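The numbering of the sequence shown is my numbering, which starts it at 156 and goes up by one.
The structure appears right after this line, and notes come after that.
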Amino acid sequence: MSEIDEIRARVAETGRMLLEKKLVARTWGNISERIDEERFAISPSGLDYLHTEPEDVAIVKLDDMTWEGRRKPSSEKGIHAAAYRIFPDVNFVIHTHQNFASALGLGGFSNDRMTPEQKEKLGEVYTAGYGLPGTKKLAGNVTAAYELGARVVFMEHHGVVICGRSRDEAFEMANILEEACKAQVKGVDVNEPASVQLARLGIPLPAQLDDMAQMIGKEIPVVENNPTVIAAALQKINVVIVKGKGIQVTSDDPEDIAALEILAEKAATAFLHTRALGIKAKLSGFDAWLMRTVYKFKYSKQKKG
156 MSEIDEIRAR
166 VAETGRMLLE
176 KKLVARTWGN
186 ISERIDEERF
196 AISPSGLDYL
206 HTEPEDVAIV
216 KLDDMTWEGR
226 RKPSSEKGIH
236 AAAYRIFPDV
246 NFVIHTHQNF
256 ASALGLGGFS
266 NDRMTPEQKE
276 KLGEVYTAGY
286 GLPGTKKLAG
296 NVTAAYELGA
306 RVVFMEHHGV
316 VICGRSRDEA
326 FEMANILEEA
336 CKAQVKGVDV
346 NEPASVQLAR
356 LGIPLPAQLD
366 DMAQMIGKEI
376 PVVENNPTVI
386 AAALQKINVV
396 IVKGKGIQVT
406 SDDPEDIAAL
416 EILAEKAATA
426 FLHTRALGIK
436 AKLSGFDAWL
446 MRTVYKFKYS
456 KQKKG
């Protein structure tokens, strides 16, 4: 097996590792590994990690962003390319949608509250301003954070990008960041599902995170704990908050059910956190509609190839 084949296989394998560790759901997030000074390998656009094979991993040139392979590279390839250009020792980049880090990316994270060990591993953590997924605006905002020295960057409403010298280091950094964010989250009892806590409040859940907007929509409604009412609501939307109980999910696809549960739980964590801090982090109605539309008519049809 050639070195490039090994790298492609490692990128494909890493996608399944992200799913196992619940750092992403479904097709969200992306992974890349440097090949040499001129090229990197990156996960494909819109394909479920469970169905990604080494041959699906694209090879991208750093100088002009042209690519080769049987599938298009992730739309976030510019964010990965910038990391390899700016940090000569970075060889592996992961973009995650992890639970507590996604919440803290909306506000309230303090570098000063990290332990010395966390700060040594992560360095200064920066936040990049919002841009729609896959846009030059988002890539430019993240690149600006890299240029300040950040190797861990929150992307508002979107997730985190982590730059490591190796896959093992990138994963270690993701786990350390999650612990740091868990220690700083507000308004959430970390010993109980956030969705259950939200259900007791009986408050609808607006989309604050891109992945919820894409797969669920602009809001998860609250319904009474009545089987007929729940069934009727689930005919219109695939996730509801059952008042006083928790969330209920429906889908014809078992893999979608697991993903929806992860996304709803993460969205509830983010909402409770921003509510406690008094932060208004709701996505605009247009952005939520746009992402839902793109997902329904594009990415949902690509997820299994």
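Built from N, CA and C at the ideal position, the CB exists for glycine as well.
Remember, it's a predicted structure, so these values are computed and weren't measured experimentally.
- Non-local beta-carbon contacts of serine 265 in its own chain, meaning distances under 8 Å to residues more than five positions away in sequence, involve Gln339 in chain order.
- Taken atom to atom, the span from the alpha-carbon of aspartate 408 to that of isoleucine 214 is near 31 Å.
- The way I'd put it, the region 356-365 does touch the region 389-401; three or more beta-carbon pairs between them come closer than 8 Å.
- Listed in chain order, the beta strand (DSSP E) elements of length 3 or more contained wholly in the region 212-260 are 213-216 and 247-251.
- In the DSSP assignment, asparagine 185 is bridged to His250.
- For arginine 194, the enclosing beta strand (DSSP E) starts and ends at 194-197.
- Within a 10 Å sphere around the beta-carbon of glycine 304 sit fewer than 16 other beta-carbons, which makes this residue exposed.
- In the structure shown, methionine 310 falls within a strand segment according to DSSP collapsed to helix, strand and coil.
- In the structure shown, tyrosine 285 adopts coil according to DSSP, grouped into three states.
- Taking lysine 337 as reference, the option from Gly201, Leu259, Gly184 and Phe326 with the minimal CA-CA separation is Leu259.
- Separation of glycine 201 and tryptophan 183 (C-alpha to C-alpha, rounded to the nearest whole angstrom) is 8 Å.
- Where glutamine 369 is concerned, the enclosing alpha helix (DSSP H) starts and stops at 365-370.
- Put simply, the backbone Cα of phenylalanine 426 is about 10 Å away from that of lysine 341.
- Note on geometry: alpha-carbon atoms of alanine 386 and lysine 453 lie some 28 Å from one another.
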